[in-house]
Every structure is written in structure tokens, then in C-alpha cells.
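Residue numbers (our numbering), protein chains in the order written: chain H, 337 to 495; chain Z, 111 to 331.
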Amino acid sequence: MFHIHKKTLGVFVIGCSRLGSLLADTLYAQGRCVTVLDHDEEAFRKLSFSYGGMKQRLEATDLEELKQLDFRQADKVFVVTEDDCTNVLCALLLNTLYPSLHILVRLRDMSRQAVLEDTQIEVICPDLLCLQQCSSLITNHDRQSGFQRKERFFPGSRA
Amino acid sequence: MKQQILIAGGRTKAKSLALSLAQKGCSITILNKNADDCQYLAESTPCKVICADATKPYVLEDLSSSLFDSIITLCPRDADNLMICRLAKAVFPGTRTISLVSDLSKKKVFTRLGADRVICAASVIATMIENEAFLKTVTSQETDCQTGLHQMQIDLQGQDAAVGRTLEELSFPAQTIVGCILRQDELLIPAGSTRLLSGDSLVILMRGNCEPQLRTLLKGE
């Protein structure tokens, strides 16, 4: 009946954006130890009523504030504020402070991925995920309707 | 060849920097995402002004045909400055990036993260005040001991006798030493081979008052 809980490592969500709040809600519902952080406490209103994890104020690009929060007990950190530049700076600061921390960053503009190429930081691009979903939908539809694909070759383009 | 410099972000800072660099013979391009700022910069400087967001990779890629020696970022937000510096490293390999940072604690980290030179207004003021306080204590202590350590600052201008010469070539009076040179915003600790330039400020430490001799030597007065 009684589970012996191992001390679970937490998940930090930086930026209580639409994605951030949804992520925090979902992870909390899964029984994880979640902390959601945002510079604006009003943003926490986006969380659902059932959310019972931690909420904390944080200026995501402030090195001192990041140092004060203890991310050593974190398993994963999602950096999902509304702004790409803030996300990149926050992730890089975290990466310098805690080199072994698993950091995932949302970048709206996928052409900015190059900025984090030489690091261990994982990048999530909503556009790319959407594209994958769309193309798999199309592929399924093709299979059903029997559409024959023809690869087009453009002069100058290399396969 | 003229030095090519790209200035990203900033309004009045960009204007004054562009004007002073243009005067020194650099070729300046200004990038700013705000149309109003662009209008102002185009009217007040002779430089090429482009209205675009420098944190977008395609903006820098469009400019990649020109070879910039340095890229200076003056955006108010540190995050934007870092993004531009890191993008610039990818698009213009070999270009020097100079970034403004508002937060003193981030200065060191920025150097590791992609900006070649980091300038923080707060740290410049802090070191200035620290140095002044230090020099004050040194001079006051020394006068107490009656050994008479004096410190003076000499600013070199275009036609001064010492401009263009190295410290070795100048014969400084005994008991004097050039402690440091302030060149633009940089602090140099000089060696014998350091060549003096117009605009340098020399901080000279000496025992006893050698000010007249030094003025004759350096300024030709």
C-alpha cells in the first residue's frame, strides 16, 4: 500500500508562458515535483486551479538570481519564455553555472538554432514539430488516396 | 583599407559612437529595428542606416557580403546583445564582437559565451572610483610620511611632442614612472616599447614635483 518514495529530482519550468503553464500543469499531474518560474507573478494565473507545485519569481537573465536558486536538485530545466533571446541567454547562463544540467530550450525562430549548436543544450522548435506532424498527416492521406509522389528536381539544387 | 564597423541597436549611444568612429575614418553601418530610431540616426549621422532586427539570422546573412572588422552591440537588453554576438560568430567568422552589458555580474560570463570584448558602464565607473580612492589614499599616506609621492595626469593631443614616440625614446626624469595609460576606454600598463598616441591620458607617478619637466618633455611646453 505504501510506496517508499525515492527522493525525486525536480523539473524546473522557466517562463510561465502558454507552453510553460501547460507543461507545468501536465508534469504536476503526472506526479512530478515541478517548480515554475516567471518574472511576472501575474503570469502564474495561466496555471490551472489543480496545480499544486511551486511558483517562484525569477528574472531569467539575472546571473545572481540563477545562482541563488539551487538547480543541482533539478533533473531537467525547460526554458520556455516568450522571447528567444532571453531563452538563449538564460540557457547559456545555466549551462555555465551547472554544466551537467539537462537543459531544453524553446526557440520560436528555428534559424537561430545555430547559436546553440556547440553546446549540450537541447533545442525545441515548435515550427519543426508542427511540420513533422503536418507531413505525416499528408503521408497518411496519400496512402489512403493513392497519390503518387514525384520528386521534383530544381536546377542548381543538390540532392 | 577603411575599418568596417557594424553597430547594432542603441539610439544616442549609437549616434555618438558612429560620429566619433566616422571621424576617425571608419566606415560605419548602423542596424536598428526601430523605424523612429533609424530616422533619427539617418538624419544625425553620415552613416548607412538599415532598419532591421539584428537578432534575426537572415538580417545578418543579408549583410554577409560585406566584411566587418568589428561588430558593436548596444541594445538595452543583454539577451539581445548576446544573441547578436553569437549569430555574428556564425555568419561573420573572424569578426571581433564588442558587446555592451548592463549587468556587472554577467561581464565575465559574456566573454566566455561569445563576445570578444565586453563593456559594462557600471564596472567602468566602479573601477574609476576605486582607482581614484586608491590613489587618494596612497598620496595622502605618502605626504604624511613626507616622502612626497605625487601623481599627475597628462592628456596628449595631436601636436604634442611625445605623440608617436615610444616611452623608451623619451628620457623621463629620474624618480618618475608612467603608471598607466588610458586609451579610449582601455587601460594600458605601458612597457618601454609602448607608443604614445594622440588622445592618450598618462597617469604618472613621481617622487617630488617634476611636473614642469614632464610637461616640457611630453607636451613641448
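Here a beta-carbon is modelled for each residue, glycine too, at the ideal position from N, C-alpha and C.
Q) Taking only beta-carbon atoms, is residue 480 (chain H) less than 7 angstroms away from chain Z? A) no
Q) Between residue 370 (chain H) and residue 389 (chain H), which are expected to be in contact by the criterion C-beta below 8 angstroms, what is the C-beta distance as a whole number of angstroms? A) 4 angstroms
Q. Looking at C-alpha atoms only, which residue of H:458, H:421, H:441 and H:464 is the closest neighbour of residue 356 (chain H)?
A. Selected option, being the one with the closest Cα: H:441.
Q. Considering only C-alpha positions, which residue in the set Z:190, Z:188, Z:169 and Z:194 is nearest to residue 181 (chain Z)?
A. Answer by Cα proximity: Z:194.
Q: Evaluate the contact criterion for the stretch 183-198 of chain Z versus the stretch 144-161 of chain Z: three or more CB pairs, one atom per stretch, below 8 angstroms.
A: Contact between the stretch 183-198 of chain Z and the stretch 144-161 of chain Z is absent: fewer than 3 CB-CB pairs across the two stretches fall below 8 angstroms.
Q: Measure how close the beta-carbons of residue 274 (chain Z) and residue 306 (chain Z) come, nearest whole angstrom, since I'm counting them as under 8 angstroms.
A: 7 angstroms
Q) Do you know offhand how far residue 254 (chain Z)'s Cα is from residue 263 (chain Z)'s? A) With a pLDDT of 48 at residue 254 (chain Z), under the threshold of 50, the modelled position of this residue cannot be trusted, and the question is left open.
Q. Given a threshold of 16 other Cβ atoms within 10 Å of its Cβ, counted over all protein chains shown, does residue 422 (chain H) qualify as buried or as exposed?
A. Buried: at least 16 other Cβ atoms inside 10 Å.
Q: Show which residues of chain Z have a CB atom less than 8 angstroms away from the CB atom of residue 436 (chain H).
A: What residue 436 (chain H) touches in chain Z: nothing, since even the nearest Cβ is about 17 angstroms away.
(Q) Here's the rule: buried if 16 or more other CB atoms are within 10 angstroms of the residue's CB, otherwise exposed. What is residue 484 (chain H)? (A) exposed
Q: May I ask you to list, following chain order, the residues of the stretch 164-193 of chain Z that have a beta carbon less than 8 angstroms from some beta carbon of chain H?
A: Residues are counted here when their Cβ sits less than 8 angstroms from a Cβ of chain H; for the stretch 164-193 of chain Z these are 165, 166, 167, 168, 187, 188, 189, 190, 192 and 193, given in chain order.
Q) Among the residues of its own chain, which have a CB less than 7 angstroms from the CB of residue 270 (chain Z), if the five just before and after it don't count? A) 328, 329 and 330
Q.
Closer than 8 angstroms between beta carbons: that is the criterion. Which residues of the stretch 271-298 of chain Z meet it against chain H?
A. none
(Q) Between H:470, H:459, H:486 and H:455, which has its C-alpha nearest residue 328 (chain H)'s C-alpha? (A) The structure shown has nothing for residue 328 (chain H), since chain H only spans 337 to 495.
Q.
Would residue 397 (chain H) pass as an interface residue toward chain Z - the criterion being a Cβ-Cβ separation below 7 angstroms?
A. yes
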